[in-house]
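Participant:
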């Protein structure tokens, strides 16, 4: 122990100096490392591993946990766009969505155009689920809507269709900044994937995506596209906007939003 | 015939001209050959080796991968936290009743302050938490200072990519460590406390407070507090981080509904994730202090090369049987 005591301070000084140097290097170097494109490619490769692992663990029929009425959040936070200013959307709000149509097109045999009443006339599903925001918070809400799978079956997918894209009416800021999202076919035909038009037993409000939003449970909040006006079946996501399948995925978030 | 670790260890043992103890040593060395050779404390009448092969190659490699992973996970995790700088209990976030909330505010006398609120109790943490200076030296509203986050600027998307990449690394690395060290019985033999160890907890606490370090035969094995600290990290804190992390994934909660049930909801899981993260930071601080106190060069050498120089026993302090503090790696 005496040996340690004798040499300790000198070694401590050396250690402190090297730790401080290393720390400085790390802080200074971190941002240049995180913004390096080839490093990003390696780091982002983990998303594929996550997606494949979760697809392996999640059987297609497995449901997200559902809750009771008593579990509902007292306030359900509205996030992202909460009041779109786009002229066409304002007009729809003014007319109570009387002229709004949900278009279903792309790689389908029977393109469709539905009024809100036609959508509501379809078989519905009601579910109380937890909404998990990528930011970290959760809210529990009750949703009623038309199952997407049945709608897509009616439209009949062409064999080359691989994804369903949701085109929204809210601009996030600037030209060509309308929100969009996409999901794989496995999730399209999941029992809890619905086009919701009611939330907590009332028509969907503007902050929550009126007239129709997607509920694709088992995924984070940014996958739950609001203000939907068009559903498109595609073979690839490459040709849409930034090519990564969604407004936020185009801006660095994972397309696979299950984690 | 290839030279094994055991034989290599043997050649470096003192008094190797004495045949009887040599055989004992050889047997002991053989028993721990595939192991981190610190398991059996030498009986007092046996010679204490100058150096021992303390950490297996796998333990050393996984130690450093673990260290780097936890460092990146902490910094990227703190960046992720800034997107919602509050913690809640339960399934959903009750925004009016956070367990913890970090925010910036303007006081009536015009100051820009950082506030940390824990169960309604507000503490001013300006400069570090809530409000800290940006690269230009201007105070900005952010939960953690830029030097504590990766990237240094707020970027949830990038931080998540880094967090999940290193989470995978941590899991694969940790699984390799646990599987191998259970198989070779390193965890059972060297880390799991014996009944005698547990009886020495009070004495060990006193020894730690007095900064008393063991020497000779006692320094070959870990002391009981050290064992418990390592077990807490490898069996509770790191696995707990992984499980509470997975509970935050909506996909995993659908695959394993037991996850949010066990942790009392996704928001509670997130709170535990946060507490465990800082518990690991606390472990790291103690780990570094002990390393420096026990002799940083010897300690660092042992976790890089595997070879640990056994501190010599003093005439006046035998270091035997007191359950004195071991050397922390």
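Residue numbers (our numbering), protein chains in the order written: chain A, 475 to 733; chain B, 24 to 352.
Glycine included, C-beta positions come from ideal geometry on N, C-alpha and C.
Please state the DSSP three-state secondary structure of residue 205 of chain B.
Facilitator: Note: residue 205 of chain B maps to helix in three-state DSSP.
Participant: Contact defined as beta carbons within less than 8 Å: I believe residue 571 of chain A pairs with residue 685 of chain A. What is the distance between those atoms, to the nearest angstrom?
Facilitator: So it is a contact: roughly 4 Å between Cβ atoms.
Participant: At least one CB of chain A closer than 8 Å to the CB of residue 332 of chain B: is that the case?
Facilitator: Cβ-Cβ to chain A under 8 Å: no for residue 332 of chain B.
Participant: Rounded to a whole number of angstroms, what is the C-alpha to C-alpha distance between residue 106 of chain B and residue 265 of chain B?
Facilitator: Between residue 106 of chain B and residue 265 of chain B, the C-alpha separation is close to 20 Å.
Participant: What runs of the beta strand (DSSP E), each 3 residues or longer, lie entirely inside the segment 141 to 209 of chain B?
Facilitator: Listed in chain order, they are 144 to 147, 153 to 156, 162 to 165.
Participant: Considering residue 580 of chain A, what are the terminal residues of the beta strand (DSSP E) in which it resides?
Facilitator: Start and end: 576 to 580.
Participant: Verify the CB distance criterion: does residue 361 of chain B have a CB-CB separation below 8 Å to chain A?
Facilitator: The question about residue 361 of chain B has no answer, for chain B in this structure spans 24 to 352.
Participant: Helix, strand or coil for residue 117 of chain B per DSSP?
Facilitator: Coil.
Participant: How many angstroms separate the CA atom of residue 669 of chain A from the CA atom of residue 718 of chain A?
Facilitator: Taking the straight line from one Cα to the other gives about 22 Å.
Participant: Would you report the Cα separation of residue 247 of chain B and residue 231 of chain B, rounded to the nearest angstrom?
Facilitator: Going by the C-alpha atoms only, they are around 11 Å apart.
Participant: By a C-beta neighbour count over all protein chains shown, 10 Å radius and 16 as the cutoff for buried, is residue 592 of chain A buried or exposed?
Facilitator: Exposed, because fewer than 16 other Cβ atoms sit within 10 Å of the Cβ of residue 592 of chain A.
Participant: Can a CB atom of chain A be found closer than 8 Å to the CB of residue 289 of chain B?
Facilitator: By this cut-off, residue 289 of chain B is an interface position.
Participant: Using DSSP's beta-bridge definition, name the partner residues of residue 639 of chain A.
Facilitator: Its beta-bridge partners are A:656, A:706.
Participant: Let me make sure I understand the geometry here. Which of B:98, B:317, B:194 has the alpha-carbon closest to that of residue 4 of chain B?
Facilitator: Residue 4 of chain B is absent from the structure shown; chain B starts at 24 and stops at 352.
Participant: Can you tell me whether residue 611 of chain A is helix, strand or coil according to DSSP?
Facilitator: It is coil, neither helix nor strand.
Participant: Who are the neighbours of residue 732 of chain A on chain B, taking C-beta pairs under 9 Å?
Facilitator: Under the 9 Å cutoff, chain B gives 272, 273, 274, 275, 277.
Participant: If distances are taken between C-alpha atoms only, which option among A:527, A:643, A:664 comes closest to residue 535 of chain A?
Facilitator: If we check each option's Cα against that of residue 535 of chain A, A:664 comes out closest.
Participant: What in chain B is Cβ-close to residue 539 of chain A, meaning under 8 Å?
Facilitator: Ordered by position in chain B, the residues that pass the 8 Å Cβ test against residue 539 of chain A are 276, 277, 280, 283.
Participant: Distance cutoff 8 Å, beta carbons only. Does residue 227 of chain B sit that close to anything in chain A?
Facilitator: No, because no Cβ of chain A sits closer than 8 Å to the Cβ of residue 227 of chain B.
Participant: Hey, how far is the Cα of residue 93 of chain B from the Cα of residue 189 of chain B?
Facilitator: For residue 93 of chain B and residue 189 of chain B, the distance between alpha carbons rounds to 8 Å.
Participant: Tell me whether the segment 575 to 594 of chain A and the segment 71 to 90 of chain B touch, counting them as touching only if at least three CB pairs, one residue from each stretch, are closer than 8 Å.
Facilitator: Counting Cβ pairs under 8 Å, fewer than three are found: no touch.
Participant: Taking residue 114 of chain B and residue 289 of chain B to be in contact with their CB atoms under 8 Å, please state how far apart those CB atoms are, rounded to whole angstroms.
Facilitator: Yes, residue 114 of chain B and residue 289 of chain B are in contact; Cβ-Cβ is about 6 Å, under 8 Å.
Participant: Going along the segment 236 to 248 of chain B in order, which residues come within less than 8 Å of chain A, judged by CB to CB distance?
Facilitator: Answer set for the segment 236 to 248 of chain B: 236, 238.
Participant: What are the start and end residues of the alpha helix (DSSP H) that includes residue 687 of chain A?
Facilitator: Note, residue 687 of chain A: premise wrong, no alpha helix (DSSP H); beta strand (DSSP E) at 687 to 689.
Participant: Is there a Cβ from chain A that is less than 8 Å from the Cβ of residue 336 of chain B?
Facilitator: By this cut-off, residue 336 of chain B is not an interface position.
Participant: Does residue 135 of chain B have its Cβ less than 8 Å from a Cβ in chain A?
Facilitator: It does not: the Cβ of residue 135 of chain B has no partner Cβ on chain A nearer than 8 Å.
Participant: Report the rounded CA-to-CA distance for residue 729 of chain A versus residue 538 of chain A, giving the unit in angstroms.
Facilitator: Between residue 729 of chain A and residue 538 of chain A, the C-alpha separation is close to 19 Å.
Participant: Which word fits residue 249 of chain B, buried or exposed, when buried means at least 16 other C-beta atoms lie within 10 angstroms of its C-beta?
Facilitator: Result: buried.
Participant: Using DSSP with H/G/I as helix, E/B as strand and the rest coil, what is residue 564 of chain A?
Facilitator: Of the three classes helix, strand and coil, the one that applies to residue 564 of chain A here is helix, per DSSP.
Participant: Using 8 Å as the threshold, is the C-beta distance between residue 553 of chain A and residue 607 of chain A below it?
Facilitator: Yes, Cβ-Cβ distance for residue 553 of chain A and residue 607 of chain A is below 8 Å.
Participant: At a CB-CB cut-off below 7 Å, which residues of chain C make contact with residue 531 of chain A?
Facilitator: Chain labels in this structure do not include chain C; the protein chains are A and B.
Participant: Taking the C-alpha atoms as reference points, what is the distance between residue 507 of chain A and residue 102 of chain B?
Facilitator: Approximately 16 Å between the Cα atoms of the pair.
Participant: Please report the straight-line C-alpha distance between residue 61 of chain B and residue 241 of chain B, rounded to a whole angstrom.
Facilitator: Only weak support is given to the placement of residue 61 of chain B: the predicted model assigns it a pLDDT of 49, under 50, and the question is left unresolved by the model.
Participant: At least one CB of chain A closer than 8 Å to the CB of residue 262 of chain B: is that the case?
Facilitator: Not an interface residue.
Participant: In angstroms, rounded to a whole number, what distance separates the CA positions of residue 708 of chain A and residue 716 of chain A?
Facilitator: Computed Cα separation, rounded: 15 Å.
Participant: Can you tell which of B:172, B:139, B:186 has its C-alpha closest to the C-alpha of residue 516 of chain A?
Facilitator: Looking at the Cα atoms, B:186 is the closest of the given residues.
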